[in-house]
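As they're listed, the protein sequences go chains A and B. Position in the first sequence (first residue = 1) + 296 = this note's numbering. Position in the second sequence (first residue = 1) + 296 = this note's numbering.
Protein chains: 2
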Amino acid sequence: MANSPSGDSMLDRLVRILDSFDANNPSLSVSSLAHRADIPKATMYRLLDELVSHDLLARDNSGNVRLGLRLWELANRSATTQDLRTAAMPFMEDINQLIGQNTQLSVLHQDEVLIIERLSRPGSVVNQANVAGRMPVHRTSMGMALLAFSRPEVIHGFLERHRELMAATHPNFRAEMAEIRRNGFASFDGFIDPETTGAAAPILDESGYQIAVLSVVVPRESDTLQSVALALRTAARGISRALGARS
Amino acid sequence: MANSPSGDSMLDRLVRILDSFDANNPSLSVSSLAHRADIPKATMYRLLDELVSHDLLARDNSGNVRLGLRLWELANRSATTQDLRTAAMPFMEDINQLIGQNTQLSVLHQDEVLIIERLSRPGSVVNQANVAGRMPVHRTSMGMALLAFSRPEVIHGFLERHRELMAATHPNFRAEMAEIRRNGFASFDGFIDPETTGAAAPILDESGYQIAVLSVVVPRESDTLQSVALALRTAARGISRALGARS
């Protein structure tokens, strides 16, 4: 692929441009986009014209730039996540209604928790997770449940890459993993909001390894954690079955 | 941007590659991807390596290619559609529960109806709409409701570009538009499944122009169409208000 004088390809630059937007920055000025993507401003203007003509980016009324609807369309209409979402959605609605707290569906991706879907409830406890947002594995019930039900080589690889962090934050890692597997769910006190606890149950494939995780955030010291966990596990099994029936 | 000998840019090729996947073709062999994207096979292999290294595309176990999770993440975490979805979701769940049929949220994009979100119900009537899928304006209640509540210049532009089609299929277009505006909703007999009828109510901005449309598909000859329409209009107004409060 043709490279710029600085040696990075068009695709490197495109990914940096798209990566400059996030939930807190859905709209950027051209200068701030050029700055965040580390692209010379003159080059940025030229790229922008082409990206806008394909509707991968769009200009809003103020002249700022946002992601284009065509990008959303291309990325979503055959997404791997779509089957998972379709299978999970009715069960997520059940959990959302019955437990009355925000409900998330997430996967393990590039050593982080990637949120695929989220249903909110008015009056739920604070929850920082956004759709397509990421959370750290080692500080969330989602991450710990995903890890505990991963294939041995996935767990091993993760530990290799994050040895110091995990030794410092999870000194009894093996015992923790064993307990999560025994319980069929993980719980973890909120690291952003200490008043909350996350509970997470894995969605498993036929070999018993995780495909995704279903989770809720409940008020801390909730005496209902055990019954919440049981409801989550029930819903997660329903999703596993719905996915199996589909494939 | 650097062009290939054939004159199309890297971005043209990238868009054609992403456009080769859809709900019916979420996974493609490299040859069939090269064929669909109209890219020489040797070039395709080279592009593929770079696209896979960025996780914009991913190889599955069989060696076939799918969209990568990173593409989904980049396209979704700051999508314009996210605010609309967040505001609409609780109301869509209400409609989905109370009416008991598939419920869609859609926008007008490039002269077509683009489905942003869909909630399904077990036992609902057949409905071909998929998330990020497109439907024709002139044959859906969604499209006709979106058009009726568009700014005059949008309606005019649409008619200019689709003059013959609209003359043939909607000979009384002006009267139809006036009726939809008077009723506050559109209904249209299903064009894929003639046993169904779609009903759609617009989500409006403060000036009374459409931002999106909320719709359900109900069995044809349903004597509940009027009450369904009233429920839809109620939910659509709730979404408009939730969006307004946010901006």
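Every residue gets a Cβ at the ideal spot worked out from N, C-alpha and C, and that includes glycine.
**Request:** Return helix, strand or coil for P515(B), following the three-state DSSP convention.
**Result:** Sequence index remark: in the second sequence, residue 515(B) carries index 219 (1-based). Three-state result, P515(B): strand.
**Asked** From G486(A) to R430(A), what does the alpha carbon distance come to, in whole angstroms?
**Response** Taking the first residue of the first sequence as position 1, residue 486(A) is located at position 190. Taking the first residue of the first sequence as position 1, residue 430(A) is located at position 134. Using only the alpha carbons, I get a separation of about 15 Å.
**Cβ neighbour criterion (16 or more within 10 Å) applied to S543(B)** = Along the second sequence, read from residue 1 onward, the residue named residue 543(B) stands at position 247. The predicted model places S543(B) with a pLDDT of 48, which falls under 50 and marks its position as unreliable; any figure quoted below should be read in that light. By the neighbour-count rule (16 or more Cβ atoms within 10 Å), S543(B) is not buried but exposed.
**Request:** Give me whichever residues DSSP pairs with V361(A) in a beta bridge.
**Result:** Counting from 1 along the first sequence, the entry for residue 361(A) is found at position 65. Answer by DSSP bridge pairing, in chain order: L324(A), R355(A).
**Prompt:** According to DSSP, what are the bridge partners of I411(B)?
**Reply:** In the second sequence, the residue the question calls residue 411(B) occupies position 115. In DSSP, I411(B) forms a bridge with S402(B).
**Message:** Would you say A298(A) lies against chain B (beta-carbon separation less than 8 Å)?
**Reply:** Residue mapping note: residue 298(A) aligns to position 2 of the first sequence, counting from 1. Residue placement at A298(A) is poorly supported in this model, since its pLDDT is 48, which falls under 50; the coordinates still yield a value, given next. Yes, because at least one Cβ of chain B sits closer than 8 Å to the Cβ of A298(A).
**Request:** Using three-state DSSP, classify Q397(A) as helix, strand or coil.
**Result:** On the first sequence, position 101 is the one that residue 397(A) refers to. Looking at Q397(A) - three-state DSSP - the assignment turns out to be coil, as it is neither helix nor strand.
**Neighbour flag for P432(B) against chain A, beta carbons, 8 Å** = Taking the second sequence and counting its residues from 1, one reaches residue 432(B) at position 136. So, not an interface residue.
**Message:** So if DSSP puts G540(A) in a beta bridge, which residue, or which two residues, is it bridged to?
**Reply:** In the first sequence, counting from the first residue as 1, residue 540(A) sits at position 244. According to DSSP, which records beta bridges pairwise, G540(A) is partnered with nothing at all.
**Request:** Could you name the residues of the same chain whose beta carbon sits closer than 8 Å to that of S483(B), not counting the 5 residues immediately before and after it, in chain order?
**Result:** Translated into the one-based positions of the second sequence, residue 483(B) becomes position 187. Result list for S483(B): S437, T493, G494, A495, A496, L521, A525, in chain order.
**Expected contact under 8 Å - CB spacing of F387(B) and G504(B) to nearest Å** = In the second sequence, counting from the first residue as 1, residue 387(B) sits at position 91. In the second sequence, counting from the first residue as 1, residue 504(B) sits at position 208. Contact doesn't hold; Cβ gap of about 19 Å is too wide.
**Request:** Just the C-alpha distance for V336(A) and A330(A), rounded to the nearest angstrom, thanks.
**Result:** Locating residue 336(A) in the first sequence gives position 40, where the first residue counts as 1. Locating residue 330(A) in the first sequence gives position 34, where the first residue counts as 1. For the sequence presented, residue 336(A) should be read as Pro rather than Val. Looking at the two C-alpha atoms, the distance is approximately 6 Å.
**Alpha-carbon to alpha-carbon, V509(A) and T339(B)** = Counting from one through the second sequence, the residue named residue 339(B) turns up at place 43. Counting from one through the first sequence, the residue named residue 509(A) turns up at place 213. Taking the straight line from one Cα to the other gives about 38 Å.
**Item:** Residue span of the beta strand (DSSP E) that contains I499(A), given as start and end
**Value:** Here residue 499(A) corresponds to residue number 203 of the first sequence, with the count starting at 1. First-last of the beta strand (DSSP E) with I499(A): 492 to 500.
**Item:** 7 Å Cβ cut-off: residues of chain B touching S446(A)
**Value:** Here residue 446(A) refers to the residue found at position 150 when the first sequence is read from its first residue. Going along chain B, no residue has its Cβ under 7 Å from S446(A), so there is no contact; the nearest lies around 16 Å.
**Message:** I need the straight-line Cα distance from G359(B) to L324(B), nearest angstrom please.
**Reply:** Here residue 359(B) corresponds to residue number 63 of the second sequence, with the count starting at 1. Here residue 324(B) corresponds to residue number 28 of the second sequence, with the count starting at 1. C-alpha separation (whole angstroms): 9 Å.
**Request:** Report yes or no: is there a C-beta of chain A within less than 8 Å of the C-beta of S543(B)?
**Result:** As a first step, residue 543(B) must be located in the second sequence, where it is residue number 247. Its pLDDT being 48, under 50, S543(B) is placed unreliably in this model, and the value from its coordinates should be taken loosely. By this cut-off, S543(B) is not an interface position.
**Message:** Would F454(A) pass as an interface residue toward chain B - the criterion being a Cβ-Cβ separation below 8 Å?
**Reply:** Here the question's residue 454(A) lines up with position 158 in the first sequence. False, the Cβ-Cβ gap to chain B never drops below 8 Å.
**Request:** Give the residues from the stretch 309 to 327 of chain B that approach chain A closer than 9 Å (Cβ to any Cβ), ordered along the chain.
**Result:** L310, V311, L314, D315, F317, D318, A319, N320, N321, P322, S323
**Request:** Measuring alpha carbon to alpha carbon, tell me which of E449(B), I391(B), S446(B) ends up nearest A531(B).
**Result:** Start at 1 with the first residue of the second sequence, and residue 531(B) comes out as number 235. Measuring from the Cα of A531(B), the nearest candidate turns out to be I391(B).
**CB contact check: A525(A) to chain C, cutoff 8 Å** = Checking the listed chains, one finds no chain C in this structure; the protein chains it contains are A and B.
**Request:** Output yes if chain B places a C-beta closer than 8 Å to the C-beta of M340(A); else output no.
**Result:** Against the first sequence, residue 340(A) aligns to sequence position 44. For M340(A), the answer is no, since every Cβ of chain B falls outside 8 Å of its Cβ.
**Cα-Cα separation between R373(B) and N468(B), rounded to whole angstroms** = Residue numbering aside, residue 373(B) sits at position 77 when the second sequence is read from its first letter. Residue numbering aside, residue 468(B) sits at position 172 when the second sequence is read from its first letter. Computed Cα separation, rounded: 42 Å.
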